[in-house]
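Below is one structure, written out as structure tokens; comments come after it.
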Amino acid sequence: MGVLHLVNRSPGESLALAQCLERACAGDAVLLLESGVYAVLKDSVFAPTRLVESMPRVAIHALAPDLAARGIAAEEVLAGVVLIDYVGFVELSVIHTPIISWN
Amino acid sequence: MKNFLFVLRHPPHEGAGIRESLDMVMTVAAFDQSVRVLFLDDGVFLLKLGQCPHNPNLKPTSPLFAALEIYDVEGLWVEQESLAERGLGLANLILPVQTIRREEIAFFLATADIVVAC
Chain A
426 MGVLHLVNRS
436 PGESLALAQC
446 LERACAGDAV
456 LLLESGVYAV
466 LKDSVFAPTR
476 LVESMPRVAI
486 HALAPDLAAR
496 GIAAEEVLAG
506 VVLIDYVGFV
516 ELSVIHTPII
526 SWN
Chain B
31 MKNFLFVLRH
41 PPHEGAGIRE
51 SLDMVMTVAA
61 FDQSVRVLFL
71 DDGVFLLKLG
81 QCPHNPNLKP
91 TSPLFAALEI
101 YDVEGLWVEQ
111 ESLAERGLGL
121 ANLILPVQTI
131 RREEIAFFLA
141 TADIVVAC
């Protein structure tokens, strides 16, 4: 399988997600974690458009415990983002090679 | 008496920064100085309603701000544009705050004797 891209910076403070998505190719996966999860806020001006454009090529995941810690409810999450738990994180790590952090 | 303004611009859970910032705010307030706190950019996420971590290492930051009232902190100010850009409104915040427009920030900063960027 493709590459797993980890993004842990908020799109309001960092270009990490945008820079990652420009390099990700078809079959890759992106996991948003820590402050990176703010990218999924569907009414935000920072990331949703870019995420939606990428979705046909790249699977976008977000770590649910990090969403909960930041008070982001399921109904605030952009459609098409796959929410996963720590077990899902491990599964993504196993099926993708290599793993790159855009921190 | 000096006029202090603390500017918080970063989201929660990025190290001990926010707790250290609040320590500063409370210390200054305890010495009977005038203290205001301004939330800009990703700093508005500090006040987001519903922070509920399962991980005990990620305690919600928002209740810490509720304690500021006890210390006579004169005002919590949030920039309207920072909220709107993140798809948030006042109803998404844990506390009542005062709002300020981006064009008013320059004047707001100029009214402080000391600005502490956190």
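Top line first, the protein sequences correspond to chains A and B. Under my numbering, the first residue of the first sequence is numbered 426, with each subsequent residue one higher. Under my numbering, the first residue of the second sequence is numbered 31, with each subsequent residue one higher. From the three backbone atoms N, C-alpha and C, an ideal C-beta is built for every residue, glycine too. Please read all numbers here as calculations on a predicted model, not as lab measurements.
The beta carbon of P523(A) does not come within 8 Å of any beta carbon belonging to chain B, so the residue lies off that interface.
For the 8 Å CB-CB criterion, V428(A) and W527(A) do not form a contact. CA-CA distance, E478(A) to L118(B), rounds to 23 Å.
A distance below 8 Å between beta-carbons, with the five flanking residues on each side excluded, links L456(A) to the following residues of its chain, in chain order: L429, H430, L431, V432, H486, A487, L488, I509, F514 and L517. Look at G73(B) here: in three-state DSSP terms it is helix. Proximity of A504(A) to chain B, defined by a Cβ-Cβ separation below 8 Å, is not satisfied. Interface annotation, P42(B): in contact with chain A, CB-CB separation under 8 Å. In the three-state scheme derived from DSSP, where H, G and I count as helix and E and B as strand, A136(B) is classed as helix. Distance from the Cα of C148(B) is smallest, within the candidate group F34(B), I48(B) and L139(B), for I48(B).
Its chain contains I48, S51, V67, L68, F69, L70, G73, L76 and C148 as the residues whose beta carbon lies nearer than 8 Å to that of L38(B), once the 5 sequence neighbours on both sides are disregarded; these appear in chain order. By the beta-carbon neighbour count (other beta carbons within 10 angstroms, threshold 16), Q81(B) is buried. Taking 8 Å as the cut-off, the Cβ atoms of A443(A) and R482(A) do not count as close. At a C-beta separation below 7 Å, F514(A) has no neighbours in chain B, since its nearest C-beta there lies roughly 13 Å away. In terms of beta-carbon proximity, L446(A) stays away from the interface with chain B, with every pair separated by 8 Å or more. Residue-level contact by beta carbon fails for K32(B) and chain A, as no gap is shorter than 8 Å. If you check the CB distance, A494(A) and N85(B) come in under 8 Å.
If you ignore the 5 residues before and after H521(A), its C-beta comes within less than 8 Å of the C-beta of M426, G427, V428, L429, D453 and A454, all in its own chain and listed in chain order. In the DSSP annotation of this structure, Q128(B) is not part of any alpha helix (DSSP H); the continuous beta strand (DSSP E) holding it starts and ends at Q128 to I130.
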